[in-house]
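See below for the structure under consideration.
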Ligand code: SF4
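Residue numbers (my numbering): 194 to 634.
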């Protein structure tokens with residue numbers, strides 16, 4: 194286990210009195226623009242009003258009615274572009290810190306053990322959920338509350354997907370993810386860990402076990418490659434795998450040497466989304482002496498949050514705008530010597546130890562290749578329909594999250610998953626009704 198503080202969470206929580214005071218600033222607008230800005234339509238003014246009166250349990254109940262992961266959303270959502278970005282008080286530069294309040298309510302509820310949701314009777318049908326990232330957990334939480342028996346199949350030894358292995362500890366502590374997952378487990382959801390659908394078990398076998406519907410929230414596991422001279426060098430790291438290794442190292446599960454990046458290295462991160470910034474800030478924490486983010490457009494086009502960018506700059510990450518990587522010169526097939534960058538049309542050769550790719554990834558074919566009837570597009574993304582929402586070309590198999598190429602952030606994956614959960618509920622209710630009619634006849 195890492196024994197220093199380099200991964201300590203960077204943003205502090207409110208104290209109880211600070212949270213209540215902040216909540217009391219809310220105007221409780223009749224037409225709350227903050228709620229419109231929230232992708233999952235969280236009833237923000239309602240729970241803030243309860244918090245302002247010190248009714249923490251009520252605040253939690255209201256949040257739970259829309260979100261399964263409030264302690265996560267309170268930390269990693271793009272509040273500046275969503276709820277907070279729409280708060281009317283923002284016009285005077287004094288918007289309510291909605292994310293920090295949501296995080297406070299969720300953390301306070303967990304530590305004080307305030308709310309206990311009753312386990313609903315599981316009478317509406319059985320649903321298998323493959324993958325336990327934000328989409329899978331949302332489906333599980335929503336459907337379990339509605340009376341479905343849910344079993345999650347997760348290939349890793351711990352649930353959480355990108356929340357556990359893709360977002361660094363300093364932004365989202367693993368203990369917070371574990372607490373949120375525990376709440377979902379408390380709804381009666383069963384987790385099968387180290388269980389890879391498409392290897393140990395197939396979709397067809399899950400149907401044979403009696404599941405009425407199956408949800409694929411398996412994300413994207415095949416990173417995009419760098420199509421340039423030297424682009425096959427083994428020293429090119431994939432951001433998501435680098436973050437995963439750091440996460441495993443930080444949990445004490447692998448040795449420091451297996452992380453590879455760090456200790457005086459010069460690191461170039463390609464791409465400028467939140468994963469790129471996570472990788473850059475993590476490389477700094479691992480001791481890299483020079484970390485640069487290489488982006489082919491300007492700051493105005495980056496998909497990363499401005500607050501993440503500001504914090505990265507404060508920690509020493511450099512940003513190279515209008516820049517692309519055009520060549521990698523290697524010493525061996527797993528050691529980089531220099532890279533050639535095209536900056537504003539001029540080529541520059543610079544020393545480099547690692548290139549970290551953060552330009553996205555595509556779905557693995559493990560599940561669709563081990564069953565029939567699930568069609569994908571030319572890039573491997575699973576095709577789904579709108580009625581019932583999220584169903585693939587195979588009856589009873591639904592998909593959502595990154596594997597369908599729709600959502601881009603944790604909360605957008607959750608919004609999409611909530612719609613898919615409605616689609617699954619409608620589908621299972623319909624087949625059960627049909628079965629009853631056939632029996633009666
Ligand atoms: Fe409160 Fe701002 Fe939402 Fe109005 S817009 S209800 S002030 S958080």
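Backbone N, C-alpha and C define an ideal beta-carbon position, used for all residues, glycine too.
**OP:** If I'm right that residue 469 touches residue 555 with Cβ under 8 Å, what's the distance once you round it to whole angstroms?
**Re:** Against the chain shown, residue 469 aligns to sequence position 276. Against the chain shown, residue 555 aligns to sequence position 362. That belief does not hold up - the Cβ atoms of residue 469 and residue 555 are roughly 17 Å apart, past 8 Å.
Subject >> Close beta carbons around residue 417, own chain, < 8 Å, minus the five adjacent residues each side >> reply: Sequence index remark: in the chain shown, residue 417 carries index 224 (1-based). Cβ within range, chain order: 550, 552, 553, 554 and 555.
Original post:
Which residue from 249, 440, 590 and 307 puts its Cα closest to that of residue 621?
Top reply: What you label residue 621 is simply residue 428 of the chain shown in a count that begins at 1. When only C-alpha atoms are compared, the closest one is 590.
**OP:** Less than 8 Å between the CB atoms is what I'm expecting for residue 233 and residue 607, so what's the real figure, rounded?
**Re:** Indexing the chain shown from 1 puts residue 233 at position 40. Indexing the chain shown from 1 puts residue 607 at position 414. Correct: roughly 6 Å between the Cβ atoms.
**OP:** Report the residue from 633, 616 and 460 whose alpha carbon sits nearest the alpha carbon of residue 332.
**Re:** As a position in the chain shown, residue 332 is number 139, starting the count at 1. For the residues 633, 616 and 460, the minimum Cα distance to residue 332 belongs to 616.
Original post:
residue 474: buried (16+ other C-beta within 10 angstroms of its C-beta) or exposed?
Top reply: For this step, residue 474 is matched to residue 281 along the chain shown. It counts as buried.
**OP:** In the DSSP assignment, find the unbroken beta strand (DSSP E) run with residue 549 in it and report its ends.
**Re:** Within the chain shown, numbered from 1, the residue matching residue 549 stands at position 356. From DSSP, the beta strand (DSSP E) with residue 549 extends over 547-550.
Original post:
Given that a residue counts as buried once 16 or more other Cβ atoms are within 10 Å of its Cβ, and exposed if not, what is residue 431?
Top reply: Sequence index remark: in the chain shown, residue 431 carries index 238 (1-based). With 16 or more other Cβ atoms within 10 Å, it is buried.
Original post:
Counting pairs of Cβ atoms below 8 Å between the segment 207-215 and the segment 267-280, do you hit three or more?
Top reply: Too few Cβ pairs lie closer than 8 Å, so no.
**OP:** Pick helix, strand or coil for residue 375, following the three-state DSSP scheme.
**Re:** Numbered from 1 along the chain shown, position 182 holds the residue referred to as residue 375. Looking at residue 375 - three-state DSSP - the assignment turns out to be helix.
Original post:
Which residue's Cα is closest to the Cα of residue 381: 359, 342, 395 and 413?
Top reply: In the chain shown, residue 381 corresponds to position 188, counting from 1. For the residues 359, 342, 395 and 413, the minimum Cα distance to residue 381 belongs to 342.
**OP:** Return the residue from the list 566, 357, 626 and 560 that minimises the CA-CA distance to residue 392.
**Re:** Taking the first residue of the chain shown as 1, we reach residue 392 at position 199. Of the listed residues, the one whose Cα sits closest to residue 392 is 560.
**OP:** Check whether the segment 527-545 touches the segment 505-516, counting contact only when three or more Cβ pairs, one atom from each stretch, lie closer than 8 Å.
**Re:** yes
Subject >> Pairwise C-alpha distance: residue 219 and residue 623 >> reply: What you label residue 623 is simply residue 430 of the chain shown in a count that begins at 1. What you label residue 219 is simply residue 26 of the chain shown in a count that begins at 1. The straight-line gap from Cα to Cα measures roughly 43 Å.
**OP:** Answer yes or no: the CB of residue 291 versus the heavy atoms of the ligand SF4, is any distance below 7 Å?
**Re:** Counted from its first residue, the chain shown places residue 291 at position 98. Between the ligand SF4 and residue 291, a heavy atom-to-CB distance of less than 7 Å is present.
Original post:
Rounded to whole angstroms, how far is the Cβ of residue 298 from the Cβ of residue 244, which I believe are closer than 8 Å?
Top reply: The sequence position of residue 298 within the chain shown is 105, counting from 1. The sequence position of residue 244 within the chain shown is 51, counting from 1. The Cβ separation is near 6 Å, so the contact holds.
Original post:
For residue 397, is the classification buried or exposed, using 16 other Cβ atoms within 10 angstroms of its Cβ as the cut-off for buried?
Top reply: Counting from 1 along the chain shown, the entry for residue 397 is found at position 204. Classification for residue 397: exposed.
Original post:
So does the segment 481-493 actually touch the segment 429-445, counting three or more Cβ pairs closer than 8 Å?
Top reply: no
**OP:** In angstroms with no decimal places, state the Cα-to-Cα distance between residue 472 and residue 527.
**Re:** Along the chain shown, read from residue 1 onward, the residue named residue 472 stands at position 279. Along the chain shown, read from residue 1 onward, the residue named residue 527 stands at position 334. Roughly 20 Å separates the two Cα atoms.
Subject >> Continuous alpha helix (DSSP H) stretch holding residue 293: start and end >> reply: For the purposes of this step, residue 293 is taken as residue 100 along the chain shown, with counting starting at 1. Here the alpha helix (DSSP H) through residue 293 covers 291-305.
Original post:
Would DSSP call residue 467 helix, strand or coil?
Top reply: Position 274 of the chain shown, counted from the first residue, corresponds to residue 467. Residue 467: helix per DSSP, three-state reduction.
Original post:
Can you tell me the Cα-Cα spacing of residue 334 and residue 361, whole angstroms?
Top reply: Within the chain shown, numbered from 1, the residue matching residue 334 stands at position 141. Within the chain shown, numbered from 1, the residue matching residue 361 stands at position 168. When rounded, the distance between both Cα atoms is 24 Å.
Original post:
By how many angstroms is the C-alpha of residue 533 removed from the C-alpha of residue 235?
Top reply: As a first step, residue 235 must be located in the chain shown, where it is residue number 42. As a first step, residue 533 must be located in the chain shown, where it is residue number 340. Straight through space, the alpha carbons of residue 533 and residue 235 are spaced by roughly 47 Å.
Subject >> Opening and closing residue of the beta strand (DSSP E) in which residue 408 lies >> reply: Position 215 of the chain shown, counted from the first residue, corresponds to residue 408. Its beta strand (DSSP E) spans residues 406-409.
**OP:** Taking residue 606 as part of the alpha helix (DSSP H), name the residues at either end of that continuous run.
**Re:** The sequence position of residue 606 within the chain shown is 413, counting from 1. Element bounds for residue 606: 603-633.
**OP:** Return helix, strand or coil for residue 412, following the three-state DSSP convention.
**Re:** Looking up residue 412 in the chain shown gives position 219. The answer is coil: DSSP assigns residue 412 none of H, G, I, E or B.
**OP:** Helix, strand or coil for residue 503, going by three-state DSSP, please let me know.
**Re:** On the chain shown, residue 503 is found 310 positions in, with the first residue counted as 1. Here residue 503 sits in helix by DSSP.
**OP:** Measure the alpha-carbon distance for residue 330 versus residue 407 and round it to whole angstroms.
**Re:** Here residue 330 corresponds to residue number 137 of the chain shown, with the count starting at 1. Here residue 407 corresponds to residue number 214 of the chain shown, with the count starting at 1. Here the alpha carbon of residue 330 sits roughly 14 Å from the alpha carbon of residue 407.
Original post:
Which term fits residue 200, buried or exposed, when burial requires 16 or more other beta carbons within 10 angstroms of its beta carbon?
Top reply: Within the chain shown, residue 200 is the residue found at index 7, counting from 1. Residue 200 is buried by the Cβ-count criterion.
Original post:
Do you know how far the Cα of residue 323 is from the Cα of residue 564?
Top reply: The residue labelled residue 564 in the question sits at position 371 within the chain shown. The residue labelled residue 323 in the question sits at position 130 within the chain shown. Cα to Cα, residue 564 sits roughly 14 Å from residue 323.
Subject >> Opposing strand residues paired with residue 520 [DSSP bridges] >> reply: Here residue 520 refers to the residue found at position 327 of the chain shown. Partner(s): 533.
**OP:** Measure the C-alpha to C-alpha separation of residue 196 and residue 351 and round it to an integer number of angstroms.
**Re:** Mapped onto the chain shown, residue 196 falls at position 3. Mapped onto the chain shown, residue 351 falls at position 158. Residue confidence is low: residue 196 scores 46 on pLDDT, short of 50, so the model does not pin down where it sits. No coordinate-derived value is stated.
Original post:
Given that a residue counts as buried once 16 or more other Cβ atoms are within 10 Å of its Cβ, and exposed if not, what is residue 263?
Top reply: Position 70 of the chain shown, counted from the first residue, corresponds to residue 263. With 16 or more other Cβ atoms within 10 Å, it is buried.
Original post:
If you measure from the CB of residue 256, is any heavy atom of the ligand SF4 nearer than 7 Å?
Top reply: If you number the chain shown from 1, residue 256 lands on position 63. For the ligand SF4, not one heavy atom lies less than 7 Å from the Cβ of residue 256.
Original post:
Which runs of the beta strand (DSSP E), 3 residues or longer, sit entirely within the segment 312-374?
Top reply: 319-323 and 342-346
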